[in-house]
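A.B. asks:
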Amino acid sequence: MRNKFIILYSIVCFVIILFLVHGVSFNHSFIIFGRLQRLCALLLTAAAITYATLVFQSITTNKILTPSLMGYEHFYLLIQVVLLLLCGANSILIASKTFNFLLAAVLMILYSALLYRGFFKNRNKKLYFILLIGLVLSIFFHSTTQFLQMRIDPNEYAYVQQAMFSSLGRTSVATLFMAFALMLFTFIGLWRYFKYLDLINLGRNYARGLGVNYDRVVRWQLAGISILVSVSTALIGPITFVGIFVSGITYRLVTKASHRTTISFGFGVALILLISAQFLIERLFNYKQSLGVLVNLFGGVYFMFLLFKFLRK
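This is the structure in structure tokens:
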């Protein structure tokens with residue numbers, strides 16, 4: 005286990021150094037600063053997606069489900085389309101990366117709060133019922149977004165296309181600080197329940213039998229997951245299949261381990277995937293592809309592999 009950890013993070017360090025210094029000299033400080041800014045965005049995104057996905061799968065006891073089922077990414081796109089229709093492309097809420105990030109993050113967190121408050125108010129609700137509601141809301145948001153897109157000025161439609169794909173071009177120093185602050189407070193709030201995650205992974209009945217307040221822990225974890233997914237989506241845009249790719253590779257590296265270990269390994273896997281994809285976009289594709297397209301390609305192929313493997317059992 006220790007050797008795997010050392011090898012994994014050696015690869016992470018190599019990828020980070022290659023991403024920062026490839027093709028530039030230290031006289032080009034503005035280029036290195038831009039890469040550091042993009043690297044920070046990828047670090048925050050990797051941390052948020054790793055924790056959210058692995059804990060979500062522990063709660064649902066299913067290694068294929070991801071938090072994207074709750075409709076966050078489709079709701080994010082709906083926010084951008086509605087803002088464009090109501091305010092126009094020249095509005096500060098559209099043109100300013102900081103204001104756009106802040107508004108999108110706040111609205112998505114409010115959506116999460118309403119969703120969980122409404123369905124967790126009755127403790128008899130099953131978790132899979134909540135997932136079903138999230139899936140229905142995803143379809144509703146997606147259909148509404150497609151309908152509203154038909155009413156957008158063709159000259160402004162390019163902004164909608166940009167919002168549909170993940171991009172580090174929407175990040176700024178201010179948005180990075182806000183994302184870091186939101187994630188820091190979220191992780192601090194979740195830390196008190198972190199020790200119960202290994203017991204939660206055993207299932208509801210076993211966890212309650214061991215003295216864990218299962219409903220309370222799950223409510224707090226799902227609320228934290230919603231904030232993390234909201235922040236990561238508002239920061240760089242929708243990335244659907246990153247979570248399933250990260251969790252799948254992580255569980256292959258560490259089959260039976262505590263959440264402390266799996267999250268540490270998952271964070272390294274997520275960093276390698278995201279930084280490598282961004283490196284290829286900048287050096288190989290010359291910014292002709294987006295981060296979301298490349299990452300979702302790898303993640304989607306891996307998801308199909310898992311699906312076929314599951315069906316063959």
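Note that my numbering gives residue 202 to position 198 of the sequence shown, counting from 1, and the numbers run on in steps of one.
Glycine included, each C-beta is placed from N, C-alpha and C at the ideal position.
If you follow the alpha helix (DSSP H) that G213 is part of, which residue opens it and which one closes it?
C.D. replies: That run of the alpha helix (DSSP H) goes R208 to G213.
A.B. asks: Taking just the CA atoms, how far does L24 sit from N290?
C.D. replies: If you take the alpha carbons of N290 and L24, they lie about 16 Å apart.
A.B. asks: Would you mind working out which of V246, L69 and L88 sits nearest D157, comparing C-alpha positions?
C.D. replies: The candidate whose alpha carbon is nearest that of D157 is L88.
A.B. asks: Count the other CB atoms, across all protein chains shown, that sit within 10 Å of the CB of H26; report buried if there are 16 or more and exposed otherwise.
C.D. replies: Answer is exposed; the Cβ neighbour count stays below 16.
A.B. asks: With three or more beta-carbon pairs closer than 8 Å as the criterion, would you say the region 173–186 touches the region 226–243?
C.D. replies: The region 173–186, when compared against the region 226–243, does touch it at the 8 Å Cβ threshold.
A.B. asks: What are the complete alpha helix (DSSP H) segments, minimum 4 residues, inside the region 40–107?
C.D. replies: Qualifying alpha helix (DSSP H) stretches, in chain order: 76–91 and 96–99.
A.B. asks: Given a threshold of 16 other Cβ atoms within 10 Å of its Cβ, counted over all protein chains shown, does L118 qualify as buried or as exposed?
C.D. replies: It counts as exposed.
A.B. asks: Just to confirm the assignment, what range does the alpha helix (DSSP H) spanning D219 have?
C.D. replies: Residues Y218 to I240.
A.B. asks: If I'm right that L201 touches H263 with Cβ under 8 Å, what's the distance once you round it to whole angstroms?
C.D. replies: Their Cβ separation, rounded to whole angstroms, is 4 Å, which keeps L201 and H263 in contact under 8 Å.
A.B. asks: So, helix, strand or coil for T190, using DSSP?
C.D. replies: The answer is helix: DSSP assigns T190 an H, G or I state.
A.B. asks: Whose C-beta lies closer than 7 Å to the C-beta of E77 among residues of the same chain, with five residues either side of it excluded?
C.D. replies: If we look at E77 and ignore the five residues flanking it on each side, its Cβ neighbours are T237, P242 and T244.
A.B. asks: Below 8 Å on the Cβ atoms is my guess for V246 versus A274; work out the distance and round it to an integer in Å.
C.D. replies: The Cβ separation is near 7 Å, so the contact holds.
A.B. asks: Between the alpha carbons of I35 and Y218, how many angstroms are there, rounded?
C.D. replies: Their Cα atoms are separated by approximately 49 Å.
A.B. asks: Within its chain, find whatever has a CB closer than 8 Å to the CB of G138; leave out the 5 residues flanking it on each side and keep chain order.
C.D. replies: Taken in chain order, the residues that qualify are L73, M74, G75 and L119.
A.B. asks: Would A45 and T175 be called neighbours here (beta carbons separated by less than 8 Å)?
C.D. replies: Yes, these two residues count as a Cβ contact at 8 Å.
A.B. asks: Look at the alpha carbon of T330 and the alpha carbon of R212, and state the distance between them as a whole number of angstroms.
C.D. replies: The requested residue 330 is not part of the displayed model; the chain covers only 5 to 317.
A.B. asks: How long is the line joining the alpha carbons of L278 and L295, rounded to whole angstroms?
C.D. replies: Roughly 8 Å separates the two Cα atoms.
A.B. asks: Which same chain residues end up closer than 8 Å to R322 when comparing Cβ atoms and leaving out the 5 residues on each side of it in sequence?
C.D. replies: Outside the shown range of the chain (5 to 317) lies residue 322, about which nothing can therefore be said.
A.B. asks: Just to confirm, are G193 and G228 a CB contact at a threshold of 8 Å?
C.D. replies: Result yes, Cβ atoms of G193 and G228 sit closer than 8 Å.
A.B. asks: From V299 to A281, what distance separates their C-alpha atoms?
C.D. replies: About 6 Å.
A.B. asks: Just the Cα atoms here: how many angstroms apart are R6 and V250?
C.D. replies: When rounded, the distance between both Cα atoms is 19 Å.
A.B. asks: So Y109 packs on L186, CB below 8 Å; how close in whole Å?
C.D. replies: Checking the displayed sequence, the identity of residue 109 turns out to be Ala instead of Tyr. With 8 Å as the limit, A109 and L186 qualify as a contact, their Cβ atoms being about 7 Å apart.
A.B. asks: Specify the secondary structure class of S262 as computed by DSSP and reduced to three states.
C.D. replies: It is coil, neither helix nor strand.
A.B. asks: Would you report the Cα separation of N205 and F60, rounded to the nearest angstrom?
C.D. replies: Using only the alpha carbons, I get a separation of about 10 Å.
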